[in-house]
Amino acid sequence: MTKIVSLEEAEIKELATKSRTSARGRELLIKRSAISENTIPSFMINALQPGTYIRPHKHPEEGREILMHLDGLMKVVTFDESGNIEGVYELSSKRNRLIEIPAMTYHTAIAFSADSVLADLYLKVYDPTSYKIFAPFAPPEADKERSKDYLESLI
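Note that our numbering has the sequence shown beginning at 1076, numbered continuously upward.
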């Protein structure tokens, strides 16, 4: 029997609450981790607070990603290989509810309201050690000063 994966409102609220006190300003809930071709897609929920920095990254070939708005206001920014902004997409109840990020496209998500939540369907086998390729043009999260300045330059 195939397992049904669902997401309840209480889970969204709990994740948003946890993200408020998280050192990174966000919290991740993995509903299903695709460990083989038979379990694709991976299904993750991200709760973001304003000021959280997600280093721009891309996913390997065939690693498409679908981001779906669940709550709040976010913008997804896409970049070319040099770090130039290619597109800015609002995720909200009034604009885009869903966007698909092609494989090999640098991108980030920025929260503009408290308790912003998105669902992330990763359409490839999920390996946390290799499913993200970080952008060389953006500072690492551990560099708090530079990452804060970089995030502010995107807003």
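Ideal placement from N, C-alpha and C gives every residue a C-beta, glycine not left out.
- Non-local beta-carbon contacts of Ala1194 in its own chain, meaning distances under 6 Å to residues more than five positions away in sequence, involve Ile1120, Met1143, Leu1145 in chain order.
- In the pairwise beta carbon analysis, the region 1178-1185 is classified as not touching the region 1080-1096: fewer than three pairs are separated by under 8 Å.
- Within its own chain, the residues whose Cβ lies closer than 7 Å to the Cβ of Thr1127, once the five positions on either side in sequence are excluded, are Arg1099, Gly1100, Arg1101, Ala1186, listed in chain order.
- Fully enclosed beta strand (DSSP E) runs of no fewer than 3 residues occupy 1101-1107, 1117-1123, 1140-1146, 1149-1154, 1160-1166 of the region 1101-1170, in order along the chain.
- The beta-carbon separation of His1132 and Lys1199, rounded to 14 Å, does not stay under the 8 Å limit for a contact.
- In the three-state reduction of the DSSP assignment, Ala1217 falls in the coil class.
- About 6 Å separates the beta carbons of Pro1116 and Tyr1197, which is inside the 8 Å limit, making them a contact pair.
- Exposure of Val1080 is indicated by the presence of fewer than 16 other C-beta atoms within 10 angstroms of its C-beta.
- Its chain contains Glu1175, Leu1196 as the residues whose beta carbon lies nearer than 6 Å to that of Ile1141, once the 5 sequence neighbours on both sides are disregarded; these appear in chain order.
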